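What follows is a short report on a single structure.
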Amino acid sequence: MSETIRRQIKKKCTGLDIPLVGFAPAGRWDEPLFEPWVPEAFRPRAIFPETNTVIVIGLPVSLPIIESAPSIWYHELYRTVNTLLDQAGFRIASALTADGYPSVWIPRDGYGSISVLKDRPVAFFSHRHAAFLAGLGNFGTNNMLLTPEFGPRVRFASILTTAEIRPDPVLEKPLCIQCGRCVKACPVQAFDGEAYPRGLTDRKTCAARSEALANRYISPCGICILVCPVGEDRKRYGHTETDMYDESNPAYSRYHRAWKHVRSYGGQ
Ligand code: SF4
Ligand code: SF4
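Here is the structure:
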């Protein structure tokens with residue numbers, strides 16, 4: 160198990176302004192921790208048979224911007240974060256390969272377009288499960304991976320590498336407090352309200368809303384992500400009260416005015 164490569168990757172991530180990085184041995188996918196589990200064809204070694212370690216990197220989406228969602232502001236943030244993540248994943252995989260450890264990067268999405276997602280609502284690899292197995296967080300009722308640092312407000316990409324790198328432990332203590340805010344806030348009632356992994360998410364209905372927003376250049380939806388109270392980022396921005404998202408609450412009218420202004424420009 161290489162400690163040196165681990166240090167080098169972490170240093171590279173710091174240089175790329177990537178705050179979250181975790182390491183999982185490929186064998187972890189073969190030991191289901193709950194059901195339903197990752198089907199065999201979606202596991203790292205089924206995709207890149209030489210994989211020994213999966214490196215997962217995460218970039219946050221800024222809370223005050225996602226609070227304006229759906230909006231052109233969040234739309235552009237999402238695109239920017241995705242681009243940065245993909246570039247970082249590509250660069251890490253290329254550097255490892257050049258150093259003698261053949262590696263491949265898997266982009267943060269893998270479905271082509273939202274209209275495709277309506278028919279086939281999964282990608283060929285789950286970064287959420289990879290991030291879970293790399294110790295970066297665990298699942299919430301909103302079907303997202305919650306992290307201590309940013310709650311669900313983070314995007315992931317993964318690098319499959321032949322390098323054997325010391326892994327991180329899986330984060331066992333649940334972060335989701337089952338407050339139900341995501342369930343109540345979803346504008347299309349996509350959640351049945353049960354805790355993960357029992358809970359069902361109507362992905363097609365969620366994808367249909369995202370498609371409608373994309374047609375207006377204000378996707379993604381983001382509502383179930385922004386209302387989640389988990390994440391140190393709330394303290395950093397001083398936005399710890401999730402009551403602020405009740406736009407009939409006059410105590411937070413300065414925020415509501417700001418969001419209304421942003422939503423009045425760009426796609427609507
Ligand atoms: S992204 Fe929007 S539509 Fe989809 S589950 Fe979350 S709140 Fe509901
Ligand atoms: S909003 Fe509440 S129930 Fe939903 S994921 Fe976050 S902590 Fe869990």
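Per our numbering, numbering through the sequence shown is continuous, rising by one, with the last residue being 427. For every residue, glycine included, the Cβ atom is placed at its ideal position computed from N, Cα and C. Small disclaimer: the values here were computed from a predicted structure and weren't measured.
With DSSP run on the structure shown, which of helix, strand or coil describes S272?
DSSP places S272 in coil when its eight states are reduced to three.
Cβ-based neighbour list, F283, same chain, cut-off 6 angstroms, excluding 5 preceding and 5 following
Result list for F283: G269, in chain order.
Does the distance from the CB of A316 to the CB of I224 come in under 7 angstroms?
No. Outside cutoff.
Strand pairing of R314, partner residues [DSSP]
According to DSSP, which records beta bridges pairwise, R314 is partnered with L218.
Close Cβ partners of N408 (< 7 angstroms) along its chain, the five nearest in sequence each way excluded
The beta carbon of N408 sits closer than 7 angstroms to those of D402, all from its chain and outside the five residues before and after it, given in chain order.
Helix, strand or coil for V421, going by three-state DSSP, please let me know.
Assigned with DSSP and collapsed to three states, V421 falls in helix.
Are the stretch 382-402 and the stretch 343-355 touching by the rule of at least three beta carbon pairs closer than 8 angstroms?
A contact between stretches requires three or more CB pairs, one per stretch, nearer than 8 angstroms, and the stretch 382-402 meets this requirement with the stretch 343-355.
Touching or not, the stretch 165-174 and the stretch 243-257, by the rule of three or more beta carbon pairs under 8 angstroms?
Segments in contact, yes.
Short of 6 angstroms in beta carbon distance, which residues of its chain neighbour V240, apart from the five on each side in sequence? Order them along the chain.
For V240, where only same-chain residues beyond five positions count, the Cβ hits under 6 angstroms are L218, V220, R314.
If we call anything under 7 angstroms between Cβ atoms a contact, is P229 one with L372?
Judged by their CB atoms, P229 and L372 are nearer to each other than the 7 angstroms cut-off.
N-terminal and C-terminal residue of the beta strand (DSSP E) that G181 is part of:
For G181, the enclosing beta strand (DSSP E) begins and ends at 179-184.
State the Cα-Cα distance for the pair C172 and R422, rounded to the nearest angstrom.
Cα-Cα distance, rounded: 34 angstroms.
7 angstroms CB neighbourhood of T364 in its chain, flanking five on each side removed:
If we look at T364 and ignore the five residues flanking it on each side, its Cβ neighbours are V347, A349.
Rounded to the nearest angstrom, what separates R375 and Q427 at their Cα positions?
If I take the Cα positions, the gap works out to 6 angstroms.
Report the residue from L179, K394, L319 whose alpha carbon sits nearest the alpha carbon of T212.
Nearest to T212 by alpha-carbon distance, out of L179, K394, L319, is L319.
Is the CB-CB distance between G390 and G310 below 7 angstroms?
For the pair G390 and G310, the CB atoms are nearer than the 7 angstroms cut-off.
Please give me, in chain order, every unbroken run of the beta strand (DSSP E) with length at least 3 that falls completely inside the stretch 332-399.
Within the stretch 332-399, no complete beta strand (DSSP E) run reaches 3 residues.
CB P184 to CB P326, shorter than 7 angstroms?
In contact: P184 and P326 (Cβ atoms closer than 7 angstroms).
What residues are listed by DSSP as bridge partners for I324?
S161, per the DSSP bridge assignment.
At a cut-off of 6 angstroms, would you count C365 as near ligand 1, judging by its Cβ distance to the nearest heavy atom?
Yes, the beta carbon of C365 sits closer than 6 angstroms to at least one heavy atom of ligand 1.
Would you report the Cα separation of P379 and K419, rounded to the nearest angstrom?
C-alpha separation (whole angstroms): 17 angstroms.
Length of the line joining the Cα atoms of V342 and P266:
One C-alpha to the other measures close to 28 angstroms.
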